[in-house]
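Worksheet for the structure shown next.
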Amino acid sequence: MDVLWISEHGGPRPHNAAQLAASKGYLWIDAGAEDLAADPDAWRDEIARLTGVQLHDLHLQDAANPVHPSYFDNTTTYEMVVFRRIVTDAPEAEPRPAANGKMGIPLLASLRTQPVSFFVLGQALITVRHGYSATCQEMKRRLAEQRGEAPPEGRRDRTPSSIGPLGRVPSGPAELMLRLLNGMVDKYLALRQPLTLQLDRWQRELLNPNGRFRNWLALLDARIVLRRLENICEEQYDALSELRDAAMDRSEDAWGSGAFDQRRDALLVRINDVMEHVNRVLGHARRMESSVETAVQLHFSATAHRTNEIMRILTVVTVIFMPLTLITGIFGMNVDHVPFVHERGSFWWIMAGMVLLALLLWSWFSARRFLEMRPYRVAEALARKAGLRAGREDADTADRL
1 MDVLWISEHG
11 GPRPHNAAQL
21 AASKGYLWID
31 AGAEDLAADP
41 DAWRDEIARL
51 TGVQLHDLHL
61 QDAANPVHPS
71 YFDNTTTYEM
81 VVFRRIVTDA
91 PEAEPRPAAN
101 GKMGIPLLAS
111 LRTQPVSFFV
121 LGQALITVRH
131 GYSATCQEMK
141 RRLAEQRGEA
151 PPEGRRDRTP
161 SSIGPLGRVP
171 SGPAELMLRL
181 LNGMVDKYLA
191 LRQPLTLQLD
201 RWQRELLNPN
211 GRFRNWLALL
221 DARIVLRRLE
231 NICEEQYDAL
241 SELRDAAMDR
251 SEDAWGSGAF
261 DQRRDALLVR
271 INDVMEHVNR
281 VLGHARRMES
291 SVETAVQLHF
301 SATAHRTNEI
311 MRILTVVTVI
321 FMPLTLITGI
331 FGMNVDHVPF
341 VHERGSFWWI
351 MAGMVLLALL
361 LWSWFSARRF
371 LEMRPYRVAE
381 ALARKAGLRA
391 GREDADTADR
401 L
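Under full-length UniProt numbering, the first residue of the sequence shown is numbered 1, with each subsequent residue one higher.
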């Protein structure tokens, strides 16, 4: 359990609830779920000693649950937010070579998430995380730099930091929680570009008339990832919506006289910003899922079109050779009185007539445009009509933002 004292006015860190109430700052208590699960009673008593707030047993059980969805609940003394974050520091997150020798997308085949529980008190923020959280570690490092202290030791995340330099320390536990949530949501935003690039590559393979698409299992995994991402974002958006409603319903006494409007508006702006980021990821996941389904449908449509083209050509060839076969069968009958059979040069006259008939039929079918095969152009036109490049435009928009 890490206990950080955050105050703009400095001063020693309080060690009990009475000292915390008399101070002008707040505590950030960061703990692992394994600490809570080892001895819940002792852990709750320690929180009560530091903050003076007794956490409910059911909330502690929710915080220790590794599969708990994103969730919001509040009491008269604190608020609880459960938020599922992307796991980016696990060994599975390392790039792996694919079957074709290229580097695969690490989070494409399996989207691993873990919950982080936030308890927002009047003068304390309690975070209970499952596993290592790069966002929490980065925030600790930023706070240490803000105070001019040496950054805490810890593992470095492999992904770029989503928490920029702090112009000032967060003014309260709620603002600190929202900054941590914003950093976690940015990890979802960073996931959009590799997903878009991979899906665009598969779409080109699906509509390539000269190749055969073989990555059906990987495509199915991508659809599962997108569906899971959509469900996760919906749960996160609902939890943040309830948090925003609770912030709007707080009384003026909860904020202090004369400061309610300004602090509430600042908090609402940050909540709306995090919700907008979650909504952006949700919309992108839905568009990508729709794009994958459209690409699969176009693949089978283009395949059926190519099959129809081949069958049409074979039908034309069959129609051309049917009269030739008939002529061959007539003159090949074993009878004595067949015209032209015993005349000199009859073979060449019959061959010339058959060739002429075949050329006439071929010319007639060509004039009717029955012999054209343009499956690639048809597939390309269908792809443009369906707007399969929307995913790439979304990636470019994300880069600009």
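Here a beta-carbon is modelled for each residue, glycine too, at the ideal position from N, C-alpha and C.
* Meets three-Cβ-pair contact criterion under 8 Å: the segment 224 to 243 and the segment 54 to 68 -> No, they do not touch.
* To do: May I ask you to report which of helix, strand or coil DSSP gives R223?
  => helix
* Asked: What residue from L324, L199 and M177 has the CA that sits closest to I271's CA?
  -> When each option's Cα is compared against that of I271, the closest is M177.
* Asked: Whose C-beta lies closer than 7 Å to the C-beta of N16 among residues of the same chain, with five residues either side of it excluded?
  -> Same-chain partners within the cutoff: R49 and L50.
* Is F340 buried or exposed, if buried means 16 or more other CB atoms sit within 10 Å of its CB? -> Flag for F340 reads exposed.
* Can we say the segment 31 to 38 touches the segment 197 to 211, given the rule of at least three CB pairs closer than 8 Å? -> The segment 31 to 38, when compared against the segment 197 to 211, does not touch it at the 8 Å Cβ threshold.
* Closest residue to V82 among T294, Q236, N308 and A134 (Cα-Cα distance) -> Q236
* **Buried versus exposed, by CB contacts within 10 Å (16 or more), Q61** => Q61 counts as exposed, since fewer than 16 other beta carbons sit within 10 angstroms of its beta carbon.
* Buried versus exposed, by CB contacts within 10 Å (16 or more), M248 -> exposed
* To do: Could you tell me the distance, in whole angstroms, from the CA atom of L197 to the CA atom of M288?
  => 11 Å
* Simplified DSSP state of M354, which is helix, strand or coil -> helix
* Simplified DSSP assignment, three categories, for G183 -> helix
* Report the partner residues of G32 according to the DSSP bridge assignment. => R129
* To do: Give the secondary structure of T196 by DSSP, where H, G and I count as helix, E and B as strand, and everything else as coil.
  => helix
* Would you say I29 and V53 are within 8 Å of each other, going by their C-beta atoms? -> no
* R142: buried (16+ other C-beta within 10 angstroms of its C-beta) or exposed? -> buried
* Asked: Per DSSP, D238 forms a beta bridge with which residues?
  -> Its beta-bridge partners do not exist; DSSP assigns none.
* Rounded to the nearest angstrom, how far is the Cβ of V269 from that of L240, given a contact under 8 Å? -> That pair is no contact at about 13 Å.
* Element boundaries [beta strand (DSSP E), containing E79] -> E79 to I86
* For R192 and P91, the rounded distance between their alpha carbons -> Confidence at P91 is low in this model, with a pLDDT of 39, below 50, so its placement is unreliable and the value that follows should be read with caution. Spanning the two alpha carbons is a distance of roughly 21 Å.
* Run the CB neighbour count on Q297, radius 10 Å, all protein chains shown included, and call it buried at 16 or more, exposed below. => Counting Cβ neighbours within 10 Å, Q297 comes out exposed, since fewer than 16 surround it.
* T325 classed as buried or exposed, judged by whether at least 16 other C-beta atoms fall within 10 angstroms -> exposed
* Asked: The alpha helix (DSSP H) spanning T51 covers which residue range?
  -> P40 to T51
* To do: Look up D73 in the DSSP assignment and say whether it is helix, strand or coil.
  => Under the three-state reduction of DSSP, D73 is assigned to strand.
* **Length-filtered (3 minimum) beta strand (DSSP E) runs lying within the segment 272 to 305** => none
* Identify the continuous beta strand (DSSP E) that holds D2 and give its terminal residues. => D2 to I6
* **Alpha-carbon to alpha-carbon, L282 and N100** => Bear in mind that a pLDDT of 42 at N100, under 50, signals an unreliable position, so the number given afterwards is only what the model happens to contain. Approximately 31 Å between the Cα atoms of the pair.
* Asked: Cα-Cα, which of H299, L217, F370 and H342 is closest to I310?
  -> F370
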